[in-house]
Structure formats: C-alpha cells, structure tokens
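A short worksheet on the structure shown next.
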Amino acid sequence: MQPEKIPTMHYNFNEIEAKWQKYWAENQTFKAENNSEKPKYYVLDMFPYPSGAGLHVGHPLGYIASDIYARYKRHQGFNVLHPQGYDSFGLPAEQYAIQTGQHPAITTAENIKTYRRQLDQIGFSFDWSREVRTSDPSYYKWTQWIFIQLFNSWYNNDSDKAEAISELENIFASEGNKKVNAVCDENVEYFTAEDWSGFDAKKKQQILLQYRLTYLAETEVNWCPALGTVLANDEIVNGVSERGGHPVIRKKMTQWSMRISAYAERLLQGLDKIDWTDSLKESQRNWIGKSVGASVSFNVISSETKQSPSSGVRGIEVFTTRPDTIFGVSFMTLAPEHELVSQITTPEQKAEVEAYIEATAKRSERDRMADVKTITGAFTGAYAEHPFTKAPIPIWIGDYVLAGYGTGAVMSVPCGDQRDYDFAKHFNIPIPNIFEGVDISEEAFSDKEKTIIANSDFLNGLNYKKATKRAIYELEKIGQGKGKTNYRLRDAVFSRQRYWGEPFPVYYDENGMPQMIDEKFLPLELPEVDKYLPTETGEPPLGNAKKWYWLQYGDKAEIVSKEEFENSSPSGRLGGALELNTMPGWAGSSWYFNRYMDANNPNEFASKEALAYWQDVDLYIGGSEHATGHLLYSRFWQKFLFDKGLVPVDEYAKKLINQGMILGTSAFVYRVQLKNNKGVYFISSDFFKKVFPHSFEKLKNEENVGSINSFLRKEIGGERVEIVSMSRIHVDVSMVNSSNELDIQSLREWLAEFENAEFLLGEDDNFKVERDVEKMSKSKYNVVNPDDIVADYGADSLRLYEMFLGPLEQYKPWNTAGITGVHSFLKKLWKLYVDDNGLKVSDAKPSKDNLKTLHQTIKKVQSDIENFSFNTSVSTFMIAVNEFTKQGCTSKEILEPLLVLISPYAPHIAEELWRLLGHNTSISTAPFPEFDETHLVESTKNYPISFNGKMRFTMELPLDLSKDEIEKAVLEYEKTKDQLQGRTPKKVIVVPGKIVNIVG
RNA sequence: GCUGAAGUGGUGGAAUUGGUAGACACGUUGGACUUAAAAUCCAAUGGACAUUUAGUCCGUGCGGGUUCAAGUCCCGCCUUCAGUACCA
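Anchor point for the first sequence: position 876 equals 875 in numbering that gives the first Met the number 0, and the numbering is continuous, going up by one each time.
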C-alpha cells in the first residue's frame, strides 16, 4: 500500500474538473436573478438541435466563446443571464421514428441527456434552471399562443403596426374596406358597410383571412407522391427526390402562411440600429430585396381586330424599376406559369406555347436559375397596347421571368436591360433606342447615372430621376400605373406535413373555416399515432391519430374521434376536425430568447417585470447559416410582439457574432480493386504521389489506367493484372497517428472486405494516408468527440485549445495533435503555484518585472475579450506564465489576479488554485483585476534602425530624447557607419518611440 | 453572374492608427535526464547563398502604384470558401 498522497500536488485535471462541476451545480453558482441591483447582461447561444450523434468538437466553439464572455461580465459585476436549451422538434427524430417506431419524444429525451452530459463536462456557466425545450408542451403552449395572436391581428399601414382584427371588423361594419390601408392579399374585393353586414359568417371569415398576419393560402410546393411529402429545393436533385430518386411535381396546396411581407420595410430599417456583422446584414438586405419603381398596367388588345381593349381579359400588371424607359418597350414577357397565358394565347400559337410550358415545368427552379446562357421563350400571338403610344406590343413567355417575383410579368426594354436585350436579339425582336448619344448595337445600356432619355415624347431630354418622376405622374394621370415599392421577401409558408412539430391550435368549423381554440385550453398536445408516415389518402401524419377532433361545450372541451364528434349533440357545440399540419422548425426558435427571461412561468410567456428587467440579448453568438432563416423570422416575431405591447423592444439582439465552423481533417487511402478477385490493394499516399504526381481525378481517366496497371504489375511481381476500380476512400481518423501513418491492423478489422487486402508501403516501410480538410461529419469518418479530448486532456485544455485554434469567426481545421501545447501550458501554470511540497505562493513583494508582466497581461486580455479575439489572449497567458516562471515569481499579489484573468477561459483550474490560495467562495464573482498604466512606463526604447526601409540592427535609447538627439546618437553609432560605408545619408526619418529610417 | 469572407513558414495562426514580418503553439532536428520509453527540460527551426566571424539576397496569392517605410493604403487580376436571386 502506498501512503495516502496529499491531493493536488500535481495537476489532476479529471479530479479537479469533476469536483468543481459538482460544486457549481450544487451551489447554483450561475443562477441569474430577475431582481438585482447589478446591471444586467444577457449572453445567448443559438440553441442546438439535439441530434443522435451527440456533440463533436465543432459544436462547443461558440458556447466556449460566449461562456468566456459571460464569466468575464460576472467578474465585472454584471448580473449575467446565460441560458441554454434545445430546439428539440425536428426531422431527424421523426425519420428515426419512421424507421424504428420509437416515439420521437423518447429519442429526443435520450439525445438531450447525452447533450447535457457532454455540455456539463466542458464546464459551461449556464443557468440550467431556465432550460427550455421547444418540444415540451409547457413551452409550445406559448408558441401556439403567439400563433393565435398573429391570427387575431392585421397590419395597418397607416399606423405602421399590427392591430387587433376586432378593430378591423369594426371598421368593416362602419365603413366597409375601401379606405382600409392594410397589408393584405392581392386583389381583395371592395365592399361597403352594408355589404359587410349582409355577408354570412363564412364569407366574413374568408375576407378576414385575407388580412390576418397568419392566413391560409394556396401555395405551390414540391410534392413527391412516392414519399407522400413536400420537399425543399435542397432535397431535389435533377428533378427527382434526393432520397430514393422519386419524381417530384409542382402542386398547389392550402397551407398556413405568415405575412412577414408586412414587416419588410421595418425589418430593413431595423438593421441600422443593431450591431450585427455587415455580411449578415447584407444577406438580410438582399433577402428583403427592396426595389423602388412603378407598377404599370398594359391592356391586352383583341388579337383579331388589333383594337383595344380585348373584352374579358384583364390588363397585365408589371412592376418596373425603370418607368423612365417606358417608350423603349418593344415586347412583354410573362412567366410561363402566369395565369393570363392560357387566356390570351392565340389558336395558332397554342401548340408552341403549351409545349414550352410543359418543357419549363420539368425544369426545377434551381435548374432555371443555374442556366443563364440558354435563351428560351415562346410567342403567345397576343398583343398588349402601349399606354402612351397605343402601339401593339407582342406578348411573349419566357422562363427568365419568375412567377413568384413581382407580378410575374415584365415590360421588356431591350435597349436598357441586358436580359431583355439578349432575348430580343435571339428572337429578332426590334430594339428601339431611347437613349441620347448611346450606341446599343453591341449591348444594352443600363447606367442610370448617365441616362438622358430620347425618342420618348414628353420624357425627351430628361435624366433618369426626372424622367422616372414624370413617367409615374403621366401614368397616374391616365390611370394606368403608379409609383410602387416592391420587396422580394415573400410570405413564409408555416405548415409542415410532419408529425414532430407544434400542433396548430386550430380546428375547422362546419363551414370549413379555421377557428382558434380558446387560449385557456392550451397547450393543444400532440396526439399519439401508430405510424409517423402520411396516411394512405395522402394526409399528414396527424391524420393517423384516432382522436383528433375538437369538441367543446361551454368551458368543457375534449379531443375526440371523428365518430364521437359526429354523434355529439350539435346544440351549443363548438369544434370540428383539428389541423393536420404542424408548425415548422423555426416556430419555436422565433421567440425562445424571451422565454429564458422567465422560463418557468405557467401564466405568461414571460412576466412583464422579467421582460422589463432583461429587455434584450446583449450578445448573441451563432452560426452564419441562420442569416436569412431564423435570424429574419425571429426579428419579425419580435416586432409583432412589440406592436402588441408584449415585449419592450422591437429588436431582440443588440450584438450578434457569427462563429466559424471547425472542420475535420479527413484521412484518405488509395484503393485499387483487381479483376477476378485477385485482391484489393492499398497504396501508401507518399508512394502513390511519387509515382503519379498528377491529381487523382486526372489519373482516373482511361489513358492513365494503363500506367497504373504496369506499375502494379511491377510491384506485385510480373503477373498481368486488370483493374476493376480505383478509388480514394475515407478511413476513420482514429486509425491514423499524427504523422499520418495508418494502423493497418485496425483497417483490416474495420471492414471484412479489407481483411486480406495488400498494402504497398511507402518510405520507412510505413503506410501513409492523405489528409484533406472537410466539414466534420460521420459519413466522412473525421469526427472528433469532445468526450475523448476531455478524458485525455481535460475540459480546460479543450476550452483553451478551441479558442487557440484561431479567430472565432473563421473556418478552421481541427487537429488533435496541437492540444498538447495548451495542455502543457496548464501544467506550467499549475507549477507556478504548487510544487512537490505544496503551495509555493508567498507574500513576497512583487518585483517591477512581475508587475509589468501582470499589467501587460491585464491590458491585452481585457482588450482581447472585448474584441472577441479569444485566440490571442491564450497566447498572452502563455507568454505571462513563461515570463513569471523565468522570473521565479511566487508573489500572491501577482498570482492571485492572474487566476481571475484566466478563470473565464480555464475555470476549473482557476477555481482549484483559488481555493488553495485560501478563498472560500467561487472565483466566478471575484472582481476583474484593474489595469494600471504606471507599471508599463518605460524609460528606454530598443529602436529598430532601418536603412532604406530595411531593418539592420537595433539600438537602445532613452525615450525622452528629442528627434535631433536621436538622429545624432544614431549617426554617431559605429554600426551606422559600417552600414553607410562613407556615404552621406540623404535623409533621416525619426519617429520618436517607434523607428529610425536612414535613406541614402 | 452577384454578394460577403479569406489567401502570411511544413501546420494552426500573430503583427493596435502604414513603422523590427512570422508572436504564441504544433511539427521537425539535436541535446539533457532514463536500462528504455513516457513525461519534463534546454537549443535550433521562413528560403537561398556564405560560414571563422561578420553578413548578403529573396520572402505575406499575382502584376503595377503611392510612401523615407506596405502583410497593412490605391488600381488591375488570380484562387478558395460561404450565401444566393435570370429580382424586372
């Protein structure tokens, strides 16, 4: 038996980390108070989807950064809210349920457990008492509640905010809808107050739906009949589904939509007041896509008489940003899907047009977009009438015009728009020139600044600005157009044909109209189903629920089967079939940052007091892939909640930082498979590259197979071989060491087919793999699990190393080998405080050098944290510890503040040493050391002396010398004379405190 | 195509308003300790030439420019990554 060792004589990270994680949990060290004298600070991470694979080393990157910042703010005396939770509805759990029958709630709970264990062992300072899960009924109750608020609201353009739908009903009842300035569906019919009171309940509901902020609408979707589901553009490759390769068709479907377009302008304006990265704001601006111009309506001419207007055909509405070029219109182009196409196409052109429509329908939106070079289109045979000249204008269809943007129709001005120009050239349509002094024989002229209009009646001689104004004025005068601002931002489809999402609090009444269930009955919980697939009749998975009808009498409500509902007494009954769609992934994540402020409140989504105290997120960290999804939708919901007086601010995140991704370093081997089962050969990468220096892709070409053949024959021993296939395959990175050498035995054991493979070794008789940086993913066998890192080096090493890898926002590859650097730094740090005899910190007075090093460190680390430059502060710590070690520093006055500086980065070791220094409370609330400039004041400077800009040597000089004194001292210096070799300098540049440069 | 970000040793990266390019690490090489290994410590490490010392030249994707001085500023290009609309 060994004598009992006094603990903590050496750096036992496993023990220390477990101890402090337990301490933090038991003492609720990081619980944030909703009532505090301290100023508040809210640090938020984009919450994770708990996938079955668990965390890999890339995931915690942003969490470590935000944790450092949160801990730093606590040291500065802030009451810090730093919560975490789970975006736990989502497709992977549903896919898993479809395959295994396992309920997604069970898988999700298990995955969350794994995530929590992994997060805990990294030592984050989360306030877990505020954890939220979007799939928890106590959470989605409020998601449903917000949905109801949206349903009960409309957007009033006059007050520029959302208002109660009941107000709108009052307006309809008193004056009809003619004066209502609302964001609503296109083409709403006008009605009077009398009309309104005469409408039946159904008609009223239909009208109100055209105004509500969430509404039912027919939307075109990518429907895959074989899978019984709607697919995203991403999930379609070459017109068939990515999974299974089934055909996909465009289909209209009734779905819930969110009227985000009502907020387009405010979402755009709001960007100016938040401190988000420019690239992110730019993406949102592009996505919103504001353009200012005019809408113009063109009458369609009867194709027989060529006289206007053709009876029974509505005019064609177009949107243009260049109303000043209206006299340059020589044709019109409609999207092939445009509803007028079938009405106006002449019998002669019918066959051609239909063939063209059929051809474009086959092309996916992506295909149409990717192909810029091919110009296609068809003439409808119909003509429109120019609003001013009354000249007939041929109407074409072309797939460069998209149905979903603007009105799906374009007035084509070939002289001023390159795409119109190309189209006109291709189909021999005339290209009238309406610009003064511009040659358009080669290309269109689209420079607005230099535009002077010609050949355009009343617009002649005007510039772009004046002509635009005049054109709009004249259009308004004849009632055929008006100024208009157009946004690309489309209303967001909010229905998903899935099981694992929030149920809509909606049933359909006897008129088939949607009704919200009363708030007091929320949450409407997800029903149990036998199967998670669509029903045989093509309904969403909720169609499988045996009981999914709402039945309510007065204050009593229950969910019943269809039969039970039909057999119930109709008198006083409310209810009907419940909505079968569920909400999309972004529903729960659009407001969760508010819930954290008061996460366990059963009565409100958050109390007024909590909202008033916490206000908004001060620092939000997450990936840039959410730039136009989550980050736009959540801003929309926040603005809506703000309009309703439910939250105190209309932008919820003051500052946002994007973290980059940690990439994997994949390992590849070259494999050659021979015919007639002659075997599998693996070729060492260095060897392979020496013999075939060209790239592998080139090698795969036919002509090179021969050379590989003869190469192999030589290696194997003369026998003629034939290659079946040659490939470069991923191997698991765990089978490769830091020198890129493969453990051959592991590869043999990995897959049965490799068991008897032959290996052609390279230099030193080693088998080398090739390395390449790729996204970390299971399928690439390059995933590194943080659990392994924590077990081998500890959480503090992992935290430091992730930061040390490089700037937070940058993409960078992971390489486990480098972690030894930060790990030995922590050991050195430990040794600064503790040796074989225990604590060695003394009350000795700090030396000047000690103080200088400390205060340099404070200055640098503080500015680094505030600039989110965490990588450079890790180097600063290393320099500090190296210097203190060299200085033999043991002074408590120095080593104590050093611990506080390091504690946000490496909290466990800091807590342990803090305790050893005699403190009984957590280091997390110790004040951040104050920087004192006086310790850094220098009396001399080691000047670099340059000759013609090239540094030759340095020279130590007092800092209080004047320019002339410096020049004199330098010129008298022996080394200067050596450099000049008798030449007289033409010029001497002296920058005191910086540099001396001698020219000549 | 457009928008955004980025190109620096063998590798990750550093360099504050233009002022000593390569901090800090990894890796590599040599050495100490050890029976040996691990761990630890010390030294060297951008390239080329030279080597007794001293030193010289080249060098931050490429080509120009501004400046006493450019990784940093300006002009023109190339490459990589990410997002993305034929946006009228």
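Ideal Cβ positions, reconstructed from N, Cα and C, are used throughout, including at glycine.
The DSSP-derived three-state label of Asn593 is helix.
Distance between Ile396 and Phe46, taken at the CA atoms: about 46 Å.
Exposed is the label assigned to Ile248, since fewer than 16 other Cβ atoms lie within 10 Å of its Cβ. Three or more beta-carbon pairs drawn from the region 759–778 and the region 737–751 are found closer than 8 Å, and the two stretches are therefore classed as touching. For His729, the secondary structure class from DSSP, reduced to helix, strand or coil, is strand.
Excluding the 5 residues flanking it on each side, Asn180 has same chain C-beta neighbours closer than 8 Å at Asn155, Asn156, Asp157, in chain order. Inside the region 541–629, DSSP marks whole alpha helix (DSSP H) runs of 4 or more residues at positions 561–566, 585–588, 591–594, 607–613, from first to last along the chain.
Between the beta-carbon of Ala64 and that of Gln809 there is about 12 Å, and that puts the pair past the 8 Å contact cut. Collapsing the DSSP output to three states places Phe29 in coil.
For the options Glu130, Asp274, Ile994, the alpha carbon positioned closest to that of Ile656 is the one of Asp274. Going by beta carbons, Leu226 and Val616 fall outside the 7 Å limit.
With respect to Tyr552, Phe592 sits apart: the two C-beta atoms are not nearer than 7 Å.
When secondary structure is reduced to three states using DSSP, Gly327 falls in the helix class. Listed in chain order, the beta strand (DSSP E) runs fully inside the region 171–230 are 213–223, 228–230, counting runs of at least 3 residues.
Three or more Cβ pairs drawn from the region 81–88 and the region 125–145 lie within less than 8 Å of each other, which places the two stretches in contact.
Collapsing the DSSP output to three states places Gln254 in a strand. For the 7 Å CB-CB criterion, Phe378 and Gln348 form a contact. DSSP places Met8 in no alpha helix (DSSP H); its state is neither H nor E. Its chain contains Met734 as the residues whose beta carbon lies nearer than 7 Å to that of Ser745, once the 5 sequence neighbours on both sides are disregarded; these appear in chain order. By the C-beta density criterion, Lys839 is exposed, having fewer than 16 other C-beta atoms within 10 angstroms. Taking Ala52 as the centre and dropping the five residues before and after it, the same chain places the C-beta of Lys777 closer than 7 Å to its C-beta, in chain order. The C-beta separation of Ala751 from Phe681 comes to about 15 Å, leaving the pair out of contact by the 8 Å criterion. Our two residues, Ser165 and Phe171, have alpha carbons roughly 10 Å apart in a direct line. Per the coordinates, the alpha-carbon of Lys561 lies some 13 Å from the alpha-carbon of Glu509.
By the Cβ test, the region 882–891 is not in contact with the region 792–810, since fewer than three Cβ pairs between them sit closer than 8 Å.
For Ile67, DSSP assigns no beta-bridge partner whatsoever. In this structure the region 630–647 lies against the region 589–605, because at least three pairs of beta carbons, one per stretch, are closer than 8 Å.
Contact between the region 968–976 and the region 943–953 is present, with at least three C-beta pairs closer than 8 Å. Within the same chain, and ignoring the five residues on either side of Glu448 in sequence, the residues whose Cβ sits closer than 8 Å to its Cβ are Tyr463. Look at Ile105 here: in three-state DSSP terms it is helix. Listed in chain order, the non-local C-beta contacts of Pro49 below 7 Å within the same chain comprise Tyr85, Ser87, Thr107, Asn110, Ile111, Tyr114, local neighbours out to five positions each way being set aside. Each residue's CA atom was taken as its position, placing Asn13 and Gly793 some 6 Å apart. With respect to the 7 Å criterion, Tyr506 and Trp547 are not classified as neighbours on the basis of their beta carbons. Within the DSSP bridge table, the entry for Tyr382 names Ile300, Pro393 as partners. Cβ-Cβ distances below 6 Å link Ala626 to Leu279, Ser282 in the same chain, with the five nearest sequence neighbours on each side left out; the list follows chain order.
Of all alpha-carbon atoms in Ile661, Glu518, Val821, the one lying nearest the alpha-carbon of Met775 is that of Ile661.
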